[in-house]
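Encoded as structure tokens, the structure appears first; notes follow it.
Right under this line is the structure:
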């Protein structure tokens, strides 16, 4: 469970949210971060993508700065590689003791994060420095639509 206050509260544990948190954690050795995501694992829309989908750009240009993705170069990483990668990045971030993930929760505003599986459960997190909305673009894959 994350603390009740962090420096940065990031909505979304997809590519943008993870890259922002990585940058903050490596740029400020005292900063604390919490990432909130409705999905049970990090990786954003890659959790919903079809199994055959691959990156449309070289892995060299994707992921977080501190951890290279795939075999580097022009590698077009697959969904399983990307999800394993983001799980590894999550472990590395949490190992700092300054990053916390609240997965399976939606952000409802005013610091309220509500459980997806049990709407009666909620957590209140306050951002001392900044609330970062990394899901404002709302990437949607066909599998997410009726």
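Residue numbers (the working numbering): 1327 to 1472. Where a beta carbon is used, it is the ideal one built from N, C-alpha and C, also for glycine.
Cut-off 7 Å between Cβ atoms - residues of its own chain near residue i, not counting five sequence neighbours on either side
i: residue 1437; result: 1450, 1451, 1452
i: residue 1330; result: 1450, 1451, 1452
i: residue 1425; result: 1347, 1351, 1359, 1419
Cutoff 6 Å; reference residue i; Cβ partners in own chain excluding five residues on either side
i: residue 1402; result: 1380, 1381
i: residue 1404; result: 1380
i: residue 1392; result: 1348, 1352
Expected contact under 8 Å - CB spacing of residue i and residue j to nearest Å
i: residue 1328; j: residue 1428; result: 6 Å
Cβ pair residue i, residue j closer than 7 Å
i: residue 1337; j: residue 1433; result: yes
i: residue 1359; j: residue 1345; result: no
i: residue 1430; j: residue 1442; result: yes
Closest Cα partner of residue i within the set the options
i: residue 1372; options: 1340, 1366, 1389; result: 1340
i: residue 1459; options: 1385, 1362, 1389; result: 1362
Any C-beta of chain C under 7 Å from that of residue i
i: residue 1422; result: Protein chain content of the structure displayed is limited to a single chain, and chain C is not contained in it.
| said: Suppose only complete runs of 3+ residues qualify. What are the beta strand (DSSP E) ranges in the segment 1391 to 1459, listed by chain order? | reply: 1425 to 1429, 1431 to 1435, 1438 to 1441, 1448 to 1450, 1452 to 1459
| task | Entirely within the segment 1333 to 1391 and at least 3 residues each: give me those beta strand (DSSP E) ranges in chain order. | result | 1359 to 1363
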